[in-house]
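Visitor:
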Amino acid sequence: MDFIDYYKLLNLDKGASESDIKKAYRKLARKYHPDLNPNNKEAQHKFQQINEAHEVLSDPEKRKKYDQYGKDWQHADAYEEAKKQQQSSGNYAGGGFNQNAGFGGNQGDYSYSGNFDEDTFSDFFGDMFGSRARSQGAGRGGHFKGQDFNAELQLRLSDVYTSHKQTITVNGKNIRLTIPAGVENGQTIKIKGHGGPGVQGGPKGDLYITFNILNDTSFKREKENLYQNVELDLYTALLGGEITTKTFDGSVKLNVKPETQPGNKVRLKGKGFPKYKKKGEFGDLIITYNIKMPTKLSNREKELIKELQKLRS
Amino acid sequence: MNLEDLIPTDEICTRYKVERNFVHALTESGLLHTVTVQKITYVHCDEISEFEKLRRLHYELDINLEGLEAIQNLLSQVKKLQNQNVALKNKLNLYE
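Note that the protein sequences, when read in sequence, are chains A and B.
Read left to right, the first sequence gives residues 172 to 484 (the working numbering).
Read left to right, the second sequence gives residues 12 to 107 (the working numbering).
Following this line, the structure appears as structure tokens:
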């Protein structure tokens, strides 16, 4: 991750006092706090950065190192150590400290926790605070319920026509789920007790799964209803007739009324999508007729159409 | 209601290091729902995440009770609008 200018992030100048830092942090935290910005990943990311900036700038020791070493401040101790060693052996040439050396700073008092993604912390912050920063409820209070996990599951529309079982992996653990038929795109379900472990004997957190459903069919769906455009030839539209059309799980024969107009709709009851958690209940399939006009007319056809035209005028 | 799913408010105060007044004020304002069984007041475990959120807002961001109420109302509107947004997006797919 790129270097983050903590002062810039908190809208502060380098001479900011402790109270300025606190004030700036509070102001931004109230704006970007994840509890105040549900489902807003951008705000969550910003809040993590603000927290990180506050964590460093509010600690005089860390701030001093940050001011002195900038982006390399997390290696400050290693740098100082190397410098001392090189100076004592008389061959210090400046620069070139060990980039891989670990940073031995103290753990700060992290003031907020939530569901943070590991990769959104800048590298040194992740190294420094490790998993503590990512555990729910770290901070001033005791803890009880485990961390809630959020996951997104991509499914095809054809997959959710029937209830099925699926195994997903969350935080390295396999969870076998029953996905009820009829779940909707964007719908979130809660799987109780599949989040992080509880603290001090508390209950486990919950797992929230949001479904992202990709339509792999020619049908369009709104809730439990399906929509389909069906093409009719001109003569069937004018004179009526019987056609066979696809449904989601097969096909049906349809009687087309004479003089069917473009855009006319028919509703096939119970031929739509399963209703969520209502076993055996289905929505409707709504068919819209498109009339396909004939092309490449022969002379004879043109004559007959002209005759028809005369009859109508 | 299963007693196993209920957590005594006293225990919540101890574990989360919050004052009893805070839990009481949340209950009074309708932000937290409690049940009383044999003179012991409990919070259902499903409400814990909501309680944690209110606790964070109060203790970490210094938001007072009136502010919490206003935030709760606005957040429920946000949630409603987000759900509407998802439903409308799904509906829009019909015309694409």
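All C-beta atoms, glycine included, are put in the ideal place defined by N, C-alpha and C.
Grouping DSSP H, G and I as helix and E and B as strand, with all else coil, what is B:HIS109?
Guide: There is no way to answer for residue 109 of chain B, as the model of chain B reaches only from 12 to 107.
Visitor: List, from N- to C-terminal side, the alpha helix (DSSP H) runs of 4 residues or more that fit wholly inside the stretch 373-430 of chain A.
Guide: Runs found: 405-410.
Visitor: List the whole-angstrom C-beta distance separating A:ILE221 from A:ALA200, where the pair is believed to meet the contact cut-off of C-beta under 8 Å.
Guide: The sequence position of residue 221 of chain A within the first sequence is 50, counting from 1. The sequence position of residue 200 of chain A within the first sequence is 29, counting from 1. Their Cβ separation, rounded to whole angstroms, is 6 Å, which keeps A:ILE221 and A:ALA200 in contact under 8 Å.
Visitor: Taking the beta carbon of A:GLY376 as the centre, do at least 16 other beta carbons fall within 10 Å, making it buried, or is it exposed?
Guide: As a working note, residue 376 of chain A is residue 205 in the first sequence. Buried, by the Cβ-count rule.
Visitor: Would A:LEU456 and A:LEU475 be called neighbours here (beta carbons separated by less than 7 Å)?
Guide: Position 285 of the first sequence, counted from the start, is the residue given in the question as residue 456 of chain A. Position 304 of the first sequence, counted from the start, is the residue given in the question as residue 475 of chain A. No, the pair does not count as a contact, with Cβ atoms beyond the cut-off.
Visitor: Determine whether the beta carbon atoms of A:THR415 and A:LYS428 lie at a separation below 7 Å.
Guide: Translated into positions along the first sequence, residue 415 of chain A becomes position 244. Translated into positions along the first sequence, residue 428 of chain A becomes position 257. No, Cβ-Cβ distance for A:THR415 and A:LYS428 is not below 7 Å.
Visitor: Spatial neighbours of B:GLN83 within its chain, please: C-beta separation below 7 Å, excluding the five flanking residues on both sides.
Guide: Position 72 of the second sequence, counted from the start, is the residue given in the question as residue 83 of chain B. Around B:GLN83: LEU42.
Visitor: Within its chain, find whatever has a CB closer than 6 Å to the CB of A:SER229; leave out the 5 residues flanking it on each side and keep chain order.
Guide: Start at 1 with the first residue of the first sequence, and residue 229 of chain A comes out as number 58. The residues are ILE192.
Visitor: Look at the alpha carbon of B:PHE62 and the alpha carbon of A:ASN461, and state the distance between them as a whole number of angstroms.
Guide: Within the second sequence, numbered from 1, the residue matching residue 62 of chain B stands at position 51. Within the first sequence, numbered from 1, the residue matching residue 461 of chain A stands at position 290. In a straight line, the C-alpha of B:PHE62 is about 55 Å away from that of A:ASN461.
Visitor: Output the distance between the C-alpha atoms of A:LYS179 and A:ASP243, rounded to the nearest integer angstrom.
Guide: Sequence index remark: in the first sequence, residue 179 of chain A carries index 8 (1-based). Sequence index remark: in the first sequence, residue 243 of chain A carries index 72 (1-based). Going from the Cα of A:LYS179 to the Cα of A:ASP243 covers about 17 Å.
Visitor: Compare the C-beta of A:ARG438 against all C-beta atoms of chain B and say whether one is closer than 7 Å.
Guide: Within the first sequence, residue 438 of chain A is the residue found at index 267, counting from 1. Chain B contact via Cβ: absent.
Visitor: The alpha helix (DSSP H) with A:ALA322 in it runs from where to where?
Guide: On the first sequence, residue 322 of chain A is found 151 positions in, with the first residue counted as 1. Note, A:ALA322: premise wrong, no alpha helix (DSSP H); beta strand (DSSP E) at 320-327.
Visitor: According to DSSP, is A:ASN342 part of a helix, a strand, or is it coil?
Guide: In the first sequence, residue 342 of chain A corresponds to position 171, counting from 1. Reduced to three states, the DSSP call for A:ASN342 is coil.
Visitor: For the beta strand (DSSP E) that contains A:LYS436, what are its first and last residues?
Guide: As a position in the first sequence, residue 436 of chain A is number 265, starting the count at 1. Run containing A:LYS436: 436-439, per the beta strand (DSSP E) assignment.
Visitor: Comparing C-alpha positions only, which one of A:GLY366, A:GLN480, A:ALA187, A:GLY353 sits nearest to A:ARG392?
Guide: Translated into positions along the first sequence, residue 392 of chain A becomes position 221. Of the listed residues, the one whose Cα sits closest to A:ARG392 is A:GLY353.
Visitor: Would you tell me roughly how many angstroms separate the C-alpha atoms of A:ILE384 and B:ASN101, rounded to the nearest one?
Guide: Here residue 384 of chain A refers to the residue found at position 213 when the first sequence is read from its first residue. Here residue 101 of chain B refers to the residue found at position 90 when the second sequence is read from its first residue. Taking the straight line from one Cα to the other gives about 10 Å.
Visitor: Do A:ALA214 and A:LEU181 count as a contact pair if the criterion is CB distance below 7 Å?
Guide: The residue labelled residue 181 of chain A in the question sits at position 10 within the first sequence. The residue labelled residue 214 of chain A in the question sits at position 43 within the first sequence. Not closer than 7 Å, so no.
Visitor: Please name the residue in B:LEU99, B:ALA36, B:GLU15 whose C-alpha comes closest to that of B:LEU65.
Guide: On the second sequence, position 54 is the one that residue 65 of chain B refers to. The candidate whose alpha carbon is nearest that of B:LEU65 is B:ALA36.
Visitor: Look at the Cβ atom of A:THR459, then the Cβ atom of A:ASN396, and state whether they are nearer than 7 Å.
Guide: The residue labelled residue 459 of chain A in the question sits at position 288 within the first sequence. The residue labelled residue 396 of chain A in the question sits at position 225 within the first sequence. It is not a contact, given that the beta carbons lie outside the stated cut-off.
Visitor: Please report whether the beta-carbon of A:ALA214 lies at a distance below 7 Å from any beta-carbon of chain B.
Guide: Within the first sequence, residue 214 of chain A is the residue found at index 43, counting from 1. Judged by the 7 Å Cβ criterion, A:ALA214 is not in contact with chain B.
Visitor: May I have the straight-line CA-CA distance separating B:GLU107 from A:TYR398, to the nearest angstrom?
Guide: As a working note, residue 107 of chain B is residue 96 in the second sequence. As a working note, residue 398 of chain A is residue 227 in the first sequence. So the two alpha carbons sit approximately 12 Å from each other.
Visitor: Could you work out which residue in A:GLY411, A:ASN386, A:GLU323 is closest to A:ASP330 when comparing CA atoms only?
Guide: Counting from one through the first sequence, the residue named residue 330 of chain A turns up at place 159. The shortest Cα separation from A:ASP330 among A:GLY411, A:ASN386, A:GLU323 belongs to A:ASN386.
Visitor: Return the residue from the list A:SER469, A:ILE346, A:LYS217, A:PRO231 that minimises the CA-CA distance to A:GLY186.
Guide: Locating residue 186 of chain A in the first sequence gives position 15, counting from the first residue. Considering only alpha carbons, the answer is A:PRO231.
Visitor: When you compare the CB of B:TYR31 with every CB in chain A, is at least one pair closer than 7 Å?
Guide: As a first step, residue 31 of chain B must be located in the second sequence, where it is residue number 20. Going by the sequence as given, residue 31 of chain B is Arg instead of Tyr. No, B:ARG31 lies away from the interface with chain A (no Cβ there is under 7 Å from its Cβ).
Visitor: For A:THR333, does the three-state DSSP call read helix, strand or coil?
Guide: For the purposes of this step, residue 333 of chain A is identified with residue 162 of the first sequence, where counting begins at 1. Of the three classes helix, strand and coil, the one that applies to A:THR333 here is coil, per DSSP.
Visitor: A:HIS225 touches chain B at which residues, Cβ-Cβ below 8 Å?
Guide: Indexing the first sequence from 1 puts residue 225 of chain A at position 54. Those within 8 Å of A:HIS225 in chain B number zero; the least Cβ separation is about 11 Å.
Visitor: Beta-carbon of B:ASN101 versus every beta-carbon of chain A: anything under 7 Å?
Guide: Residue 101 of chain B sits at position 90 when you count from the first residue of the second sequence. Yes, B:ASN101 counts as interfacial toward chain A.
Visitor: Express the C-alpha separation of B:SER60 and B:LEU14 in angstroms, rounding to a whole number.
Guide: Working through the second sequence from its first residue, we reach residue 14 of chain B at position 3. Working through the second sequence from its first residue, we reach residue 60 of chain B at position 49. Roughly 18 Å between the two C-alpha positions.
Visitor: From A:SER190, A:LYS446, A:HIS216, pick the residue whose C-alpha is nearest to that of A:LYS202; which is it?
Guide: Counting from one through the first sequence, the residue named residue 202 of chain A turns up at place 31. Comparing Cα-Cα distances from A:LYS202 to each of A:SER190, A:LYS446, A:HIS216, the minimum goes to A:HIS216.
Visitor: Terminal residues of the continuous alpha helix (DSSP H) containing B:THR7?
Guide: Past the edges of chain B, shown from 12 to 107, lies residue 7 of chain B, and the structure says nothing about it.
Visitor: Measuring alpha carbon to alpha carbon, tell me which of B:TYR53, B:ASN104, B:LYS91 ends up nearest A:PRO209.
Guide: The sequence position of residue 209 of chain A within the first sequence is 38, counting from 1. Comparing Cα-Cα distances from A:PRO209 to each of B:TYR53, B:ASN104, B:LYS91, the minimum goes to B:LYS91.
Visitor: In whole angstroms, what separates the C-alpha of A:ALA195 from that of B:VAL89?
Guide: To locate residue 195 of chain A, count along the first sequence from 1; it is residue 24. To locate residue 89 of chain B, count along the second sequence from 1; it is residue 78. Straight-line Cα distance between these residues: approximately 26 Å.
Visitor: Would you mind sorting A:ALA408 into buried or exposed? The rule is 16 or more other CB atoms within 10 Å of its CB.
Guide: As a position in the first sequence, residue 408 of chain A is number 237, starting the count at 1. Flag for A:ALA408 reads buried.
Visitor: Beta carbons nearer than 9 Å to chain A: which residues of the stretch 65-98 of chain B have them?
Guide: The residues in question are LEU65, ARG66, ARG67, LEU68, TYR70, GLU71, LEU72, ASP73, ILE74, ILE82, LEU85, LEU86, VAL89, LYS90, GLN93, ASN94, ASN96, VAL97, ALA98.
Visitor: Are any of the Cβ atoms in chain A nearer than 7 Å to that of B:LEU105?
Guide: Against the second sequence, residue 105 of chain B aligns to sequence position 94. Chain A, which has a Cβ nearer than 7 Å to the Cβ of B:LEU105, makes this yes.
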